[in-house]
Amino acid sequence: MDREHSAPMAEFLRSARARLTPEQAGLDDPSLGRRRVSGLRREELARLAGVSVDYYTRLEQGRSRSASADVLDALATALHLDDAERSHLHTLARHQPARRRRPRPQRVHPATLDLLETLQQAGRPAFVLGRRLDVLANNPLAGRLIIDFRALPAAERNQARFVFLDPHARELYRDWAHVAADTAAMLRLDAGRHPDDPALGALVGDLSIRSAEFRRFWSDNKVHRRTTGTKGYHHPLVGDLTVTYQAFTPGDDPDQTLFVYGTEPGSPSETALRLLAQWGSAAADAGTPHERTIDTSARS
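Per numbering that gives the first Met the number 0, the sequence shown starts with residue 0, numbered consecutively.
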């Protein structure tokens, strides 16, 4: 790998090493002496991974032309990386840069669209994310809970843009900072898989210019893959609710993720989500608008 191609891996290694404390790595020996930084030193990580300090230094400086799968796994273990971070490290270390070509537009399969409608009838908010966290589709209940991306201009249908640039997001998510950090980390994971996507580069550049919080989270160099979890909302119509979510990959496109939300049976959150669904249906029957849209007047 040339130095330009290895720079993302070098940055990722440096940031991961800086985040791991000696205590977390099992190096709590008092004889280690006074430290200038909280993270591991290069020589400590090299020893834990079973590689020479000189070799690891070359990797971290982007000067090495090779890194075997065994070495990458050893580094990932020493750094306590999770599965998403380990996979990201291997992706960054691939030997040949991706061929530069314009990505094909993503389309949601009709069967997935049918599934979104079925989930709507079941009272489950659901939406599909594609590359760059573009929102490719959402059912009406997801639109009522979050925002109806279908009503926005195509260039604005993006989760990262919503989280970092729309004031409504800061009011909607009970823990906006956590959601924002995860969103930046998901975008970082996508950037590792598609380093030559010009639209992704433009998105990161725009967010970096317009959001100081995005710049801070992006510089952390963390990656994240959502599979299951919970998320809290403070909805302007139905109040506080907590949803669980699961993420699935439709079989026709590995770069798409279907998110399905639910609530704990019998909980106040289930009642709130049911009320939101009923309110939306009543508004639709009355022929009145009920979806909020992002104010795009100040956006380029």
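C-beta: ideal position from N, C-alpha, C; glycine also.
Asked                                                                                                          : Found
Nearest candidate by alpha-carbon position, reference Glu212, set His177, Thr111 and Tyr54                     : His177
Short Cβ contact (9 angstroms threshold) for Leu71 with His89                                                  : yes
Beta-carbon proximity of Met126 to Ala141, cut-off 9 angstroms                                                 : Per the sequence shown, the amino acid found at residue 126 is Phe instead of Met. Cβ atoms of Phe126 and Ala141: closer than 9 angstroms.
CA nearest to the CA of Asp219, picked from Ala180, Thr117 and Asp189                                          : Ala180
Beta strand (DSSP E) runs wholly inside the segment 91-138, at least 3 long, in chain order                    : 125-128 and 134-137
Gln158 classed as buried or exposed, judged by whether at least 16 other C-beta atoms fall within 10 angstroms : buried
Residue from Arg103, Asp254 and Asp165 whose Cα sits closest to the Cα of Pro197                               : Arg103
Rounded straight-line distance, which links the Cα of Ala183 to that of Phe161                                 : 12 angstroms
Paired residues, beta bridge with Thr229 - DSSP                                                                : Thr243
First and last residue of the uninterrupted beta strand (DSSP E) at Val259                                     : Thr256 to Gly261
Rounded distance between the beta-carbons of Val50 and Arg301, thought under 8 angstroms                       : In the structure as shown, the chain starts at 0 and stops at 299, and residue 301 therefore has no counterpart that could be examined.
Buried or exposed by the 16-neighbour rule on C-beta atoms within 10 Å, applied to Leu74                       : buried
Closest Cα partner of Leu314 within the set Met185, Pro7, His234 and Leu257                                    : Residue 314 falls outside the range modelled here, since the chain spans only 0 to 299, and no answer is possible.
Under 9 angstroms between C-beta atoms of Tyr244 and Thr227                                                    : yes
Continuous alpha helix (DSSP H) stretch holding His177: start and end                                          : Trp175 to Arg192
Gly25, DSSP secondary structure in three states                                                                : coil
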